[in-house]
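Under UniProt numbering, the sequence shown has 103 at position 103, and the numbering climbs by one with no breaks. We put the beta carbon where it would ideally sit given N, CA and C, even for glycine. Values in this document were obtained by computation on a predicted structure and should not be read as measured data.
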Amino acid sequence: MNRIAKIEVFNNDDTFAFWSIIWSKNDDEDYYIYNYPSQDLPLDFELRFQSEAQLIPRAYYRPSRPPLLTIAASSSDLSSSSSYIKKPLPLSYEPESPEDTSVADGIIREALVLESLTRLGGHGNICEYRGFVEREGYISGLCFKRYGKSLEDAVRDGDEVNVEEVLKGIKSGLEWLHSHGWVHGDICPYNIMLESGSNMIPVIIDFDSCTRLGHHITGKGGTPGWSLDSDIAEKENDFYGLALIEIWLCQCRL
Numbered sequence: 001m002n003r004i005a006k007i008e009v010f011n012n013d014d015t016f017a018f019w020s021i022i023w024s025k026n027d028d029e030d031y032y033i034y035n036y037p038s039q040d041l042p043l044d045f046e047l048r049f050q051s052e053a054q055l056i057p058r059a060y061y062r063p064s065r066p067p068l069l070t071i072a073a074s075s076s077d078l079s080s081s082s083s084y085i086k087k088p089l090p091l092s093y094e095p096e097s098p099e100d101t102s103v104a105d106g107i108i109r110e111a112l113v114l115e116s117l118t119r120l121g122g123h124g125n126i127c128e129y130r131g132f133v134e135r136e137g138y139i140s141g142l143c144f145k146r147y148g149k150s151l152e153d154a155v156r157d158g159d160e161v162n163v164e165e166v167l168k169g170i171k172s173g174l175e176w177l178h179s180h181g182w183v184h185g186d187i188c189p190y191n192i193m194l195e196s197g198s199n200m201i202p203v204i205i206d207f208d209s210c211t212r213l214g215h216h217i218t219g220k221g222g223t224p225g226w227s228l229d230s231d232i233a234e235k236e237n238d239f240y241g242l243a244l245i246e247i248w249l250c251q252c253r254l
């Protein structure tokens, strides 16, 4: 098995709860989880805990294809190096709730949003969605155009970033999104990709928090520290994230 996550989980009062360790098997078709209650994780935890790991129900992260989704990724997209497949990962699974389907529900919700935006013609600062990936009647991932690197990675790597053009591009994408009645809901440096090449055009990704303007937020919500604490999808939340990105970029220039 291949380990895909080792997550330190904390209680609401910020005290340590447990380590959550997740492995994948069968070409990422199956996932296993083991929760270790001590903060002192043994060095040989891989060998010790894999045999005791619990199989995560596929229904938690792999939804059946609904008839509402019609844009499927082509075989050429799947085999192309210009494509990126976003796979649902069961990182928040709780063994006490085996009937939970929240990750699968989120994939369907994101695919429906992306399909709606694609039918509107798309925008140069919004990621290019190429369709869902189907496997044995289930959705195993979402296919996108592959971009260079995230804004976070570009700044960390010391790349030359045109701050004015990046901010202008993000704002343009958000205004297009808002004009069609959607709020992204999670604008942060991790969710801005930059096109490869000298232009480094900013592209907004990750639509699992995207919600209809004025509606109650049903997705995973924004990234802590980059979003307003709001239950309703409003334009202000997106522009708040954009304002923080501007401050962050200007600080990184110093």
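Asked, Found
"Residue 236 - partner residues in DSSP beta bridges", "Paired residues: none, contrary to the question."
"Between the CA atoms of residue 208 and residue 109 - distance to the nearest angstrom", "7 Å"
"9 Å Cβ cutoff met for residue 24 and residue 31", "yes"
"Status (buried if at least 16 other CB within 10 Å, exposed otherwise) for residue 243", "exposed"
"Sub-9 Å separation of residue 180 and residue 228 beta-carbons", "no"
"Nearest-angstrom Cβ-Cβ length linking residue 134 and residue 72, presumed shorter than 8 Å", "6 Å"
"Status (buried if at least 16 other CB within 10 Å, exposed otherwise) for residue 48", "exposed"
"Validate contact between the region 200-207 and the region 164-178 using beta carbons, cut 8 Å, 3 pairs", "yes"
"Complete alpha helix (DSSP H) runs within the region 193-222 (minimum length 4 residues, chain order)", "none"
"Pick from 221, 173, 44, 36 that is closest to residue 19, judged by C-alpha positions", "36"
"DSSP bridge partner residues for residue 54 (one or two, in chain order)", "33"
"Euclidean distance between Cα positions of residue 77 and residue 130", "7 Å"
"Buried/exposed call for residue 184, threshold 16 Cβ in 10 Å", "buried"
"Uninterrupted beta strand (DSSP E) stretches inside the region 69-104 (no shorter than 3 residues)", "83-86"
"Test item: CB-CB of residue 221 and residue 186 under 9 Å", "yes"
"Whether residue 261 touches residue 90 by CB criterion (9 Å)", "Residue 261 lies beyond the range of the chain shown here (1 to 254); nothing can be said about it."
"When 146, 6, 65, 251 are compared against residue 86, the one with the closest alpha-carbon", "146"
"Neighbourhood of residue 214 by C-beta distance below 8 Å, restricted to the same chain and skipping five residues each side", "232, 233, 234"
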